[in-house]
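Novice: First the structure, which I've put down as structure tokens, then a few questions once you've had a look.
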Amino acid sequence: MTDMPRTSPDHAAVLRAAGLSEARLSRGTLSVRSPIDRTEVARLTETRPDEMPDVIARATAAFRHWRSVPAPRRGELVRLLGEELRAAKQALGDVVTLEAGKVVSEGLGEVQEMIDICDFALGQSRQLYGLTIASERPGHRMSETWHPMGPCGVITAFNFPVAPWAWNAALALVCGDPVIWKPSERTPLTALTVLEIFKRAVARFGEDAPDDLLQVVVGGAEVGEALVTSRDVPILSATGSTAMGRAVGPKVTERFGRPILELGGNNAMIVAPSADLDMAVRAIVFSAVGTAGQRCTSLRRLIVHESIREELVARLKQAYGSLRIGDPREKGMLVGPLIGPEALEAMRAALSAAEGEGGTVHGGGSVTEGVPDGVYVAPALVEMPDQTETVCTETFAPILYVMGYETLDQAIAMHNDVPQGLSSCIFTLDLREAETFLSATGSDCGIANVNIGPSGAEIGGAFGGEKDTGGGRESGSDAWKGYMRRQTSTVNFSTEMPLAQGVTFDI
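Here the sequence shown is numbered in full-length UniProt numbering, starting from 1 and rising by one per residue.
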């Protein structure tokens, strides 16, 4: 047996409270480190690639049973999952903080998203509506019905280790689909914690739930590849970088599977002359530095009218200077660690490139005093002469590029002139500017806000974006349709056999 990782007492207590035994955390070869202090907290056994066919076969067997359970009954399981998540909110939130480095309120907020989508999916289980369609033929009735589709693979990223799983799983389960979850290799402990919570919900639910409704597979690219390429996994949701999406999407499509891709974002805010700057500053700082700039919806570009640019930059420099940076477990901390040293290197490279393109960098240095032995940085504010190649490239770090504009048309053109299309916003008190931004000639993103930052979406709306963001939609609205197959039916209740479009075929 492998020696137990030398974790800190605080880390060990968090994992015990989450129900993860020392034996489970010490028998493998996958090293899991907390970004808080780079301490190794577990060595997990990885799922072998040759085990994946059996994993998928078990999900298929579960599907054959689960698809016949009435949808409102399936919703009851998700209701119980929401109850169990409420009971475990603190314990799971602490694991999110431990493993992803989020400040406490953000870790708890991510669990709250899980609870919220369970509430949403419970109601959705009674609203998987089809259509009745008028037929052109007498004595005929047409209808459209939605049916369960099959096992759903879910691949998640480190920065939101549990909420995107819940966006997918809560809907997939009420739609009749079992789930196979491959978490990031950086954050598998949150997935294992959720698996234990899910088991408690299933135990309360009873015999209607087949075995293997949820399976967690731990490992690297080969494990994910098995989900991506299997024809027995008809739905594949993947959250991650645009590069990952370019590798995953074509493979799923090639086998005529259904990819749901939530990829990179290079999100911008336009600040108009009429903007309430007090509100804007609060939104900018939260969106740009929350989760240490490691959200797909993080604010990365600030497009400010020239008449207020100098004042707004001054306010932001003052706000950035007051940020508390350090151990995310401490009360009042606002900026925790980067996920690892490679994130710091990417940040330094981007700042160097921006300076080479004429940018002026404020902040961005390493923070080493009064913090644990993780990778901590001061968020960077970069004044740019225009939107350069570096600005158009997403860097997963707390960098905010600031550029000026003269006309709204110019601002919108700059806003849309990046490969990604996830989230966007404008701060203005001018109704015409606001409505223009939300119109067909405005933002080209999947999310467009007015007087709200680009981060912190509610679960009631569909989440996702366009262009290099992948085009997928998860969570609210009618995203449930991505987990079901559509069937159009025609019933002839007459004594005649008319053909559509007036075709005649007499025999």
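Beta carbons: idealized from backbone N, C-alpha and C, even for Gly. Because the structure is a prediction, the values reported are computed rather than measured.
DSSP three-state call for T490: helix, strand or coil?
Specialist: Reduced to three states, the DSSP call for T490 is strand.
Novice: Nearest to I46 by alpha carbon, out of A346, V216, F120?
Specialist: According to the sequence as given, residue 46 is Glu; it is not Ile. With distances taken between Cα atoms, E46 lies closest to V216.
Novice: May I ask which residues mark the beginning and end of the alpha helix (DSSP H) holding Y320?
Specialist: Where Y320 is concerned, the enclosing alpha helix (DSSP H) stretches over 306 to 321.
Novice: What residue range does the beta strand (DSSP E) around T132 cover?
Specialist: Per DSSP, T132 belongs to the beta strand (DSSP E) from 131 to 133.
Novice: If you draw a straight line from the alpha carbon of R309 to that of A275, how long is it in whole angstroms?
Specialist: So the two alpha carbons sit approximately 12 Å from each other.
Novice: Distance, Cα to Cα, G330 vs V103?
Specialist: Note that residue 330 corresponds to Glu in the displayed sequence, not to Gly. In a straight line, the C-alpha of E330 is about 8 Å away from that of V103.
Novice: Within this structure, are the beta carbons of E474 and G421 separated by less than 8 Å?
Specialist: No, the Cβ-Cβ distance between E474 and G421 is not below 8 Å.
Novice: How far does the beta strand (DSSP E) with R432 in it extend, from its first residue to its last?
Specialist: Premise fails: R432 lies in the alpha helix (DSSP H), 431 to 438, not in any beta strand (DSSP E).
Novice: When we look at the beta-carbon of T495 and count the other beta-carbons within 10 Å, is it buried (16 or more) or exposed?
Specialist: That one is exposed.
Novice: My output table needs one value for A397: the three-state DSSP class, helix, strand or coil.
Specialist: Three-state result, A397: coil.
Novice: Could you compute how far the alpha carbon of A343 sits from the alpha carbon of V41?
Specialist: Taking the straight line from one Cα to the other gives about 20 Å.
Novice: Would you identify the three-state DSSP class for S143, choosing helix, strand or coil?
Specialist: S143 falls in the strand class under three-state DSSP.
Novice: Which of the three DSSP states is assigned to N451 in this structure?
Specialist: DSSP places N451 in coil when its eight states are reduced to three.
Novice: Put G470 into one of helix, strand or coil per three-state DSSP.
Specialist: Correct three-state label for G470: coil.
Novice: Leaving out five residues before and five after G453 in sequence, what residues of the same chain have Cβ atoms less than 8 Å from its Cβ?
Specialist: Taken in chain order, the residues that qualify are M269, A283, I284, F286, S287, L299, C425.
Novice: Ordered along the chain, which non-local residues of its own chain (more than five positions away) have a Cβ less than 7 Å from that of S143?
Specialist: If we look at S143 and ignore the five residues flanking it on each side, its Cβ neighbours are G130, L131, T132, I133, S489.
Novice: Pull up the distance between the alpha-carbon of S366 and that of V375, whole angstroms please.
Specialist: So the two alpha carbons sit approximately 8 Å from each other.
Novice: Within 10 angstroms of its Cβ, does M1 collect 16 or more other Cβ (buried), or is it exposed?
Specialist: Any answer about M1 is weak, because its pLDDT of 38 lies below 50 and its placement is not dependable; what the coordinates show is given next. The residue in question, M1, is exposed, as its Cβ has fewer than 16 Cβ neighbours within 10 Å.
Novice: Within 8 Å of any Cβ in chain B, is that where the Cβ of F286 sits?
Specialist: You won't find chain B in this structure, because it holds only one protein chain.
Novice: Check the DSSP bridge columns for V375 and list the partner residues they point to.
Specialist: Paired residue(s): L338.
Novice: In chain order, which continuous runs of the alpha helix (DSSP H) of length 4 or greater are located wholly inside the region 201 to 259?
Specialist: Counting whole runs of 4 or more residues, the region 201 to 259 contains the alpha helix (DSSP H) stretches 221 to 229, 242 to 254.
Novice: Answer with buried or exposed for T504, where buried requires no fewer than 16 other C-beta atoms within 10 angstroms of its C-beta.
Specialist: It is exposed - the Cβ of T504 has fewer than 16 other Cβ atoms within 10 Å.
Novice: Mapping DSSP to helix, strand and coil, what is F160?
Specialist: The answer is coil: DSSP assigns F160 none of H, G, I, E or B.
Novice: Helix, strand or coil for E22 per DSSP?
Specialist: Here E22 sits in coil by DSSP.
Novice: Smallest Cα separation from G265: which of P273, D116, V14, A243?
Specialist: Of the listed residues, the one whose Cα sits closest to G265 is A243.
Novice: In whole angstroms, what is the alpha-carbon distance linking M4 and S455?
Specialist: Below a pLDDT of 50, predicted positions are generally treated as unreliable, and M4, at 49, falls in that range; no measurement from the model is reported.
Novice: Look at the Cβ atom of A378, then the Cβ atom of V361, and state whether they are nearer than 8 Å.
Specialist: No, these two residues do not count as a Cβ contact at 8 Å.
Novice: Can you list the alpha helix (DSSP H) stretches of 4 or more residues lying completely in the region 82 to 131, in chain order?
Specialist: The qualifying runs are 89 to 100, 104 to 124.
Novice: Determine the closest residue to R33 out of V78, T187, R74, D430, with distance taken between C-alpha atoms.
Specialist: With distances taken between Cα atoms, R33 lies closest to T187.
Novice: On the three-pair Cβ rule with 8 Å, is the region 316 to 331 touching the region 343 to 353?
Specialist: With a cut-off of 8 Å, the region 343 to 353 and the region 316 to 331 do not count as touching, because too few Cβ pairs lie within range.
Novice: For L30, which residues in the same chain have their Cβ closer than 6 Å to its Cβ, ignoring the five residues on either side in sequence?
Specialist: Closer than 6 Å at the Cβ level, and outside the excluded window around L30, lie L44, E46.
Novice: Considering S423, what are the terminal residues of the beta strand (DSSP E) in which it resides?
Specialist: 423 to 427 is the extent of the beta strand (DSSP E) around S423.
Novice: By the three-class DSSP mapping on this structure, what secondary structure does L484 have?
Specialist: It is worth fixing the name first, because residue 484 is Met in this sequence and not Leu. Strand.
Novice: Quick check: what's the CA-CA separation for R24 versus A166?
Specialist: For R24 and A166, the distance between alpha carbons rounds to 23 Å.
Novice: Using a 10 Å radius around the Cβ and a threshold of 16 neighbouring Cβ atoms, would you call D116 buried or exposed?
Specialist: Its Cβ being crowded by 16 or more others within 10 Å, D116 is buried.
Novice: Between G464, I155, L429, G249, which has its C-alpha nearest E446's C-alpha?
Specialist: For the record, residue 446 in the displayed sequence is Gly; it is not Glu. Comparing Cα-Cα distances from G446 to each of G464, I155, L429, G249, the minimum goes to G464.
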